[in-house]
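Letter 9 of the sequence shown, counting from 1, is numbered 2 in the working numbering, and no numbers are missing.
Beta carbons are placed, not taken as given, at the ideal position from N, Cα and C, and that holds for glycine.
Shown next, in structure tokens, is the structure this report addresses.
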Amino acid sequence: MVDLQTYVDERAVGFISGTYSIEDEFDSYIAALQGLQIEELLKVKQAQYDRFAAAQ
């Protein structure tokens, strides 16, 4: 999770500041997120939220 958050934070700043081009580099950004197992993280976070919502 730490590696993923660091990557997202660095790229967000880069996209906002213009260091990275959204048009040219967004696809590789998404591919890198997939390589960092973002799909698995989303499944875990969704299950966590579902348990929380069911307990309310």
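Item, Value
"Let me know the secondary structure DSSP gives Leu(-3) once reduced to three states.", "helix"
"For Leu29, does the three-state DSSP call read helix, strand or coil?", "coil"
"Under the three-state reduction of DSSP, which class applies to Tyr13: helix, strand or coil?", "coil"
"Is it a yes or a no for the segment -4 to 8 touching the segment 25 to 45, going by three-plus beta-carbon pairs under 8 Å?", "yes"
"What does the alpha-carbon distance come out to for the pair Phe45 and Val37?", "12 Å"
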